[in-house]
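Numbering (the working numbering), first residue to last: 1 to 322.
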Amino acid sequence: MTPDLKTVLRRNFLQALGKRDLDGAKAILERLKTEEPLALETRGLELEYLIRSDSLAEAKGLAGQLLELHPGSARVQYLAGLLAYRQKDYAAAERHLRESHRLFPHSKNYRLLGKTLTQQRKFEEAEGILQSLAPGNPWCQLDLAWLYERKEDWARALSCIEAFLKVEPDDKFAKSQLLRLKARLLEPEELLEEVSSLTGLGEEVPEDLLPQYVEALLKRGESTAVRDFIQKRQAGWSARAARSVGWICYRLQAYDLAMDLFLKIFRENRGDAKFLSALEAAAKRCGRLAELLPVYGAQVQDDKRFYSRIRSVKSRLEERKN
Numbered sequence: 001m002t003p004d005l006k007t008v009l010r011r012n013f014l015q016a017l018g019k020r021d022l023d024g025a026k027a028i029l030e031r032l033k034t035e036e037p038l039a040l041e042t043r044g045l046e047l048e049y050l051i052r053s054d055s056l057a058e059a060k061g062l063a064g065q066l067l068e069l070h071p072g073s074a075r076v077q078y079l080a081g082l083l084a085y086r087q088k089d090y091a092a093a094e095r096h097l098r099e100s101h102r103l104f105p106h107s108k109n110y111r112l113l114g115k116t117l118t119q120q121r122k123f124e125e126a127e128g129i130l131q132s133l134a135p136g137n138p139w140c141q142l143d144l145a146w147l148y149e150r151k152e153d154w155a156r157a158l159s160c161i162e163a164f165l166k167v168e169p170d171d172k173f174a175k176s177q178l179l180r181l182k183a184r185l186l187e188p189e190e191l192l193e194e195v196s197s198l199t200g201l202g203e204e205v206p207e208d209l210l211p212q213y214v215e216a217l218l219k220r221g222e223s224t225a226v227r228d229f230i231q232k233r234q235a236g237w238s239a240r241a242a243r244s245v246g247w248i249c250y251r252l253q254a255y256d257l258a259m260d261l262f263l264k265i266f267r268e269n270r271g272d273a274k275f276l277s278a279l280e281a282a283a284k285r286c287g288r289l290a291e292l293l294p295v296y297g298a299q300v301q302d303d304k305r306f307y308s309r310i311r312s313v314k315s316r317l318e319e320r321k322n
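In structure tokens:
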């Protein structure tokens with residue numbers, strides 16, 4: 001294969017990934033693997049494809065091989081950091097991303113390092129990194145918005161979203177974040193009144209208002225109203241909305257509602273250890289641990305780790321009997 005053709009194929013592969021055309025990217029990757037299966041660039045592209053296609057277990061194996069063979073590759077370190085970030089292993093992600101940036105400083109690995117530090121609540125360093133990148137990359141405004149939201153600085157988070165929308169006014173995600181953050185800044189009574197007006201007119205409540213609305217009701221002690229609201233409307237909610245409301249219910253100790261919502265989105269979140277721990281804690285608090293056994297049992301063929309979770313649940317049930 002000529003150098004020019006390799007360059008074209010690699011560029012086309014990255015363009016396909018950027019467009020989320022996984023089938024197209026895979027076809028190009030297969031051709032590269034036929035021509036140069038052991039080349040570092042080819043294996044790096046394969047690792048990126050596995051990460052982007054959510055084949056994380058396979059990606060972890062390949063990342064381990066590449067790190068052992070090419071520890072001095074900034075790209076391998078970056079991809080290992082990206083994989084660790086996707087797996088929520090933020091300490092490992094930080095380690096790989098720092099090494100990648102040391103080997104070859106680049107805004108791409110620096111930005112992901114900033115996001116990784118935010119996830120670890122290392123806000124001061126993360127803020128410095130993301131602010132330094134923001135003038136040349138408006139998407140860092142979204143990262144900063146998340147950082148300020150983690151700090152519960154809703155006004156600064158909203159300001160970052162507004163700054164981003166000046167550059168990308170049609171971005172749907174940013175628009176939804178804007179609505180949600182504006183709801184955060186409303187007084188509880190104002191929010192309840194706004195939602196009441198919507199429901200009174202027979203309109204659907206925007207999903208981005210749901211967590212704050214449920215939180216406001218629960219903090220007022222109106223658990224019956226929350227239960228009625230969720231039961232009537234949750235069938236039409238997206239998995240993202242159900243997860244957000246579920247976490248609100250969990251944190252405010254409405255464990256039965258949290259469990260119902262978590263079970264609704266179980267399949268999408270079954271690989272998240274934090275989610276599973278919260279599900280089990282909610283089930284224990286509301287006396288519904290036994291309901292987890294058939295749910296977990298349906299997963300063991302695909303994920304053997306659920307065997308240990310089943311044993312743990314059974315052990316807790318035995319403890320309650322004694």
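Every residue, glycine too, gets a C-beta built ideally from N, C-alpha and C.
Nearest-angstrom Cα distance between residue 90 and residue 117?
-> As a position in the sequence shown, residue 90 is number 90, starting the count at 1. As a position in the sequence shown, residue 117 is number 117, starting the count at 1. Distance between the alpha carbons of residue 90 and residue 117 is about 8 Å.
Given 8 Å, three or more beta-carbon pairs between the stretch 233-241 and the stretch 251-271 = Cβ pair count under 8 Å is three or more, so yes.
Thinking C-alpha only, which one of 141, 76, 47 is nearest residue 111?
-> For the purposes of this step, residue 111 is taken as the residue at position 111 of the sequence shown. Between residue 111 and the set 141, 76, 47, the nearest pair of CA atoms involves 141.
Limits of the unbroken alpha helix (DSSP H) element including residue 295 = Numbered from 1 along the sequence shown, position 295 holds the residue referred to as residue 295. Run containing residue 295: 292-297, per the alpha helix (DSSP H) assignment.
Touch test, the stretch 153-169 against the stretch 191-201, Cβ-Cβ under 8 Å, three pairs minimum = With the cut-off at 8 Å, the stretch 153-169 and the stretch 191-201 do not touch.
Roughly how many angstroms lie between the CA atoms of residue 158 and residue 69, to the nearest whole one?
-> Translated into the one-based positions of the sequence shown, residue 158 becomes position 158. Translated into the one-based positions of the sequence shown, residue 69 becomes position 69. Rounded to whole angstroms, residue 158 to residue 69 spans 45 Å at the Cα level.
So what does DSSP say about residue 61, is it helix, strand or coil?
-> To locate residue 61, count along the sequence shown from 1; it is residue 61. When secondary structure is reduced to three states using DSSP, residue 61 falls in the helix class.
Starting from the C-beta of residue 74, find all residues in its chain whose C-beta is less than 7 Å away, skip the five residues before and the five after it, and write them out in chain order.
-> Taking the sequence shown and counting its residues from 1, one reaches residue 74 at position 74. Closer than 7 Å at Cβ, skipping near neighbours: 100, 103, 104.
In three-state DSSP terms, what is residue 28?
-> Taking the sequence shown and counting its residues from 1, one reaches residue 28 at position 28. Residue 28: helix per DSSP, three-state reduction.
Buried or exposed: where does residue 190 fall if 16 or more other Cβ atoms within 10 Å of its Cβ makes it buried?
-> For this step, residue 190 is matched to residue 190 along the sequence shown. When all chains shown are included, residue 190 counts as exposed.
Residue environment, residue 300, which counts as buried when at least 16 other CB atoms sit within 10 Å | Position 300 of the sequence shown, counting from 1, holds the residue named residue 300. So residue 300 counts as exposed.
Determine, using beta-carbon pairs with one atom in the stretch 59-68 and one in the stretch 23-32, whether at least three such pairs fall under 8 Å.
-> No, they do not touch.
7 Å Cβ shell around residue 86 - same chain, five flanking residues per side excluded | By 1-based counting over the sequence shown, the position of residue 86 is 86. Cβ neighbours of residue 86 beyond the five flanking positions: 51, 56.
7 Å Cβ shell around residue 80 - same chain, five flanking residues per side excluded = Locating residue 80 in the sequence shown gives position 80, counting from the first residue. Sequence-distant partners of residue 80 (beyond 5 residues in either direction) whose C-beta falls short of 7 Å from its own C-beta, in its chain, are 63, 67, 96.
Residue 46 versus residue 15: straight-line alpha-carbon distance, rounded = Position 46 of the sequence shown, counted from the first residue, corresponds to residue 46. Position 15 of the sequence shown, counted from the first residue, corresponds to residue 15. Pairing residue 46 with residue 15, the inter-Cα distance amounts to about 14 Å.
Inter-residue Cα distance where the pair is residue 41 and residue 119 | One-based indexing of the sequence shown puts residue 41 at position 41. One-based indexing of the sequence shown puts residue 119 at position 119. The alpha-carbon of residue 41 is positioned some 30 Å away from that of residue 119.
8 Å CB neighbourhood of residue 108 in its chain, flanking five on each side removed = Position 108 of the sequence shown holds residue 108. For residue 108, the CB contacts under 8 Å within the same chain, skipping 5 residues up- and downstream, are 78 in chain order.
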